[in-house]
Structures are given as structure tokens and as C-alpha cells.
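Worksheet for the structure shown next.
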Amino acid sequence: MKLLKEFTIQFVGLKLGKHQFEYQIGQEFFTHFGYEDFNDANIQVNVLFEKKTTLLELHFEISGIVNVYCDVTNEPYDQPIQNEFDLVVNFGDEYNDEEIDLLVIPHGEYELNIQQYIYELIVLAIPTKRVHPGIEDGTLKSEILDKLEELSPKIKEEKKDQEESDPRWNTLKQLLTDNK
């Protein structure tokens, strides 16, 4: 995959201490990754980059809105997302990203591309079941919801069935109360 230049941090020229990076993510970012689950995206990414003498620490925070399809009605809606992630970058003999929150890069490296971490952080912030907020509060009117209501099994709530029980159970209930 081709690396996007705007997500490359050249840390060799940076002074020791904290540095702030901000990114505005739109739909074209996900098109680059071939991810087609979003109709539109407007996400703010803040990265707090702390350069220390022996390692680098990154704190990612994302917040924004992605337009997705509802899993129940297939209606598009805006899903708010929010997530954060900490990454420690250490220096070693060879590249190693086997750990979730630890990245080892070779000693000679002078830059770090963070586009994959931003992509995964956003995608993992989406709920597994996407439900239109109009379904939960009852304001969404759609043909699919009407059809689901029509085809749903009808539950008869007759209280007399619950109150009347088999007389044989009464004898067993009496045994429970007599033992006390």
C-alpha cells in the first residue's frame, strides 16, 4: 500500500518534548485503503507526539461522524465515533509490530508513518451492530420497519393464563411453604 505523505512524521528534526499533530479525515482516506463501508466521513484526529531520548510516545484521539447504513433498515445515518489509543515506538535491530501498542523500528529510521494506526482506530470505533437512532426512539418511518412489524410473531399477553395454573402445582407449592 502506498504511504500518504501527510501522515509521515519526521521525528529526527524534532526537539525533545511534546508535539501536537492534527488531521482532518474525509472519505478519500478510506478510498485509499479500499474500505467501502462508509458513505461519508468527517473525523478529527489529534496526535500527541512525545519525543524522548530513547523512545517515542504517541497518543491518538479521534472524534467525528461517519455516514453508514443501518443494519436493520439499510437507511443511511450519521454515526458519531470517538476512540483513543497509545503507542510506544522503540528502537531495535529490525522492524517489529507484533505487539498491539508497541512498535520497534530500526535504529537508522528518521520518520514514522501513522496512517495505518489512524485507519484501524477509526474502523474499530464503529459499533458492531449499526442501528439508526430513529429506530431506538421510534421516529424513523420506513417500509422495512413496517414490514418487520407485520411479520414479527405476535405475543399474546393474557394475564388469566399466567394466573391460572395446573392444580397439581398447588400441592407442590404447599409442600414448600409447610417446610418453613
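Oh and the sequence shown: position 128 is 128 in UniProt numbering, straight run, nothing missing. Glycine included, each C-beta is placed from N, C-alpha and C at the ideal position.
Does the contact criterion of 3 or more C-beta pairs under 8 Å hold for the stretch 115-122 versus the stretch 13-32? Counting Cβ pairs under 8 Å, three or more are found: they touch.
With H, G and I counted as helix, E and B as strand and the rest as coil, what does DSSP make of D86? The sequence position of residue 86 within the sequence shown is 86, counting from 1. The answer is strand: DSSP assigns D86 an E or B state.
Could you check the C-alpha separation between E111 and E149 for me, to the nearest Å? What you label residue 111 is simply residue 111 of the sequence shown in a count that begins at 1. What you label residue 149 is simply residue 149 of the sequence shown in a count that begins at 1. The alpha-carbon atoms of E111 and E149 are separated by roughly 56 Å.
Only counting runs of 3 or more residues, tell me where the beta strand (DSSP E) segments fall wholly within the stretch 75-130, in order along the chain. Here the runs fully enclosed are 76-92, 102-106, 111-113.
Does the contact criterion of 3 or more C-beta pairs under 8 Å hold for the stretch 52-59 versus the stretch 83-91? Because the criterion of three Cβ pairs below 8 Å is met, the stretch 52-59 and the stretch 83-91 touch.
Assign residue 181 to one of three DSSP states: helix, strand, or coil. Past the edges of the chain, shown from 1 to 180, lies residue 181, and the structure says nothing about it.
Ignore the nearest five residues each way along the sequence and tell me which others in Q79's own chain have a CB closer than 8 Å to its CB. For the purposes of this step, residue 79 is identified with residue 79 of the sequence shown, where counting begins at 1. Within the same chain, Q79 has close Cβ partners I65, V66, N67, V68, I126, P127, R130.
If you measure between the beta carbons of I105 and Q82, is that distance less than 8 Å? Walking along the sequence shown from the start, residue 105 turns up at place 105. Walking along the sequence shown from the start, residue 82 turns up at place 82. With contacts defined by Cβ atoms closer than 8 Å, I105 and Q82 do not form a contacting pair.
Flag this pair as yes or no: are the beta carbons of I114 and V47 separated by less than 8 Å? Along the sequence shown, read from residue 1 onward, the residue named residue 114 stands at position 114. Along the sequence shown, read from residue 1 onward, the residue named residue 47 stands at position 47. Less than 8 Å divides the Cβ of I114 from the Cβ of V47.
Let me know the secondary structure DSSP gives H59 once reduced to three states. The count along the sequence shown starts at 1 and reaches residue 59 at position 59. DSSP places H59 in strand when its eight states are reduced to three.
Kindly provide the ranges of any alpha helix (DSSP H) runs that are 4 or more residues long and lie completely inside the stretch 12-39, ordered along the chain. Counting whole runs of 4 or more residues, the stretch 12-39 contains the alpha helix (DSSP H) stretches 27-33.
What number of angstroms, rounded off, separates the C-alpha of Q44 from the C-alpha of Q24? Position 44 of the sequence shown holds residue 44. Position 24 of the sequence shown holds residue 24. Cα to Cα, the separation comes out at about 5 Å.
With DSSP as the reference, label N170 as helix, strand or coil. As a working note, residue 170 is residue 170 in the sequence shown. Here DSSP, grouped into helix, strand and coil, assigns N170 to helix.
When the Cα of F33 is compared with those of L3, Q20, E50, V72, which residue comes out closest? By one-based count along the sequence shown, residue 33 stands at place 33. The option with the nearest alpha carbon to F33 is L3.
Closest by C-alpha distance to E50, when choosing among A41, G17, F21: In the sequence shown, the residue the question calls residue 50 occupies position 50. It is G17.
Taking the C-alpha atoms as reference points, what is the distance between I9 and F91? Here residue 9 corresponds to residue number 9 of the sequence shown, with the count starting at 1. Here residue 91 corresponds to residue number 91 of the sequence shown, with the count starting at 1. I9 and F91 have their C-alpha atoms roughly 16 Å apart.
Please report how far the alpha carbon of L102 lies from the alpha carbon of S152, in whole angstroms. Counted from its first residue, the sequence shown places residue 102 at position 102. Counted from its first residue, the sequence shown places residue 152 at position 152. Cα atoms of L102 and S152: separation of roughly 49 Å, rounded to the nearest angstrom.
Taking the DSSP output, what are the residues bridged to L48? In the sequence shown, residue 48 corresponds to position 48, counting from 1. Looking at the DSSP output, L48 bridges to Q20, H59.
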